[in-house]
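Numbering (our numbering), first residue to last: 1445 to 1624.
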Amino acid sequence: MLYIFLATGFEETEALGTLDILRRIGLSAQTVSITGDRCVMGAHQVPVIADILIEDVKIEESECLILPGGLPGSQYLLECASLRDLLLQQFGAGKRVAAICAGPMVLGAHGILQGKQATCYPGFEDRMIGATPVNAKVVVDGNVITGKGPGAVFDFGFAIAEQFAGKEAVAALKKAMIWN
């Protein structure tokens, strides 16, 4: 299972665009509310009904934890102790984590970017603690995937999908989506 975490003020394009790509390619992905309510309001006032609440995450079944950006959503993700615990368990087990836009600051704050190359929304580079910032739409460094921002959401989603479905499946999806 791939989990996408939602906090009030999340970036809708980054969360839902990524979710769409993952589900189109046939991966099991769920949205997760950290708010205590399944209805989560995005940064641009788009309400989204999350699939589950954070207490329902089954970390033993998790293949990837995904953090969209957006403000104040990313700050709320950073402050969520339950999410911190899940991220540290996931990363400690050698499993994948991914974050886009302001989301990589959450990974940095929890020591996950130490010694990694990563990208983020311009101006957040100093909040990617321990990372070597790279000016790219997407960076994959071991089990950590980072994306620059809303304009990179397709590249970000495809990079995550490739880790689980392979290059050929992603190439076929890009063709079907008229990406090329």
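Backbone N, C-alpha and C define an ideal beta-carbon position, used for all residues, glycine too.
State whether the stretch 1524 to 1533 contacts the stretch 1550 to 1567, with contact taken as three or more CB pairs (one from each stretch) at a distance under 8 Å. yes
Would you check if the distance between the CB atom of ALA1459 and the CB atom of LEU1450 is smaller than 8 Å? yes
Using DSSP with H/G/I as helix, E/B as strand and the rest coil, what is LEU1557? coil
Check whether the Cβ atoms of GLY1559 and GLY1574 lie closer than 8 Å to each other. yes
Complete runs of the alpha helix (DSSP H) confined to the stretch 1556 to 1622 [at least 4 residues]: 1597 to 1609, 1611 to 1620
I think MET1445 touches GLU1499, with their Cβ atoms under 8 Å apart; what is that distance to the nearest whole Å? Not really, about 15 Å apart at Cβ, beyond 8 Å.
Please state the DSSP three-state secondary structure of THR1452. coil
Beta carbon of CYS1545, beta carbon of GLY1593: below 8 Å? yes
Would you say VAL1476 and PHE1454 are within 8 Å of each other, going by their C-beta atoms? no
Excluding sequence positions up to five away, which residues of its chain have a Cβ less than 8 Å from the Cβ of VAL1578? GLN1561, ALA1562, THR1563
Which one of ALA1543, ILE1478, GLY1567, ASP1464 has the shortest CA to CA distance from GLU1523? ILE1478
How big is the Cα-Cα spacing for VAL1492 and GLY1486? 7 Å
Excluding the 5 residues preceding and the 5 following PHE1535 in the sequence, name in chain order all residues of the same chain whose CB lies nearer than 6 Å to its CB. VAL1541, ILE1556
For the alpha helix (DSSP H) containing ALA1525, list its first residue and its last residue. 1525 to 1536
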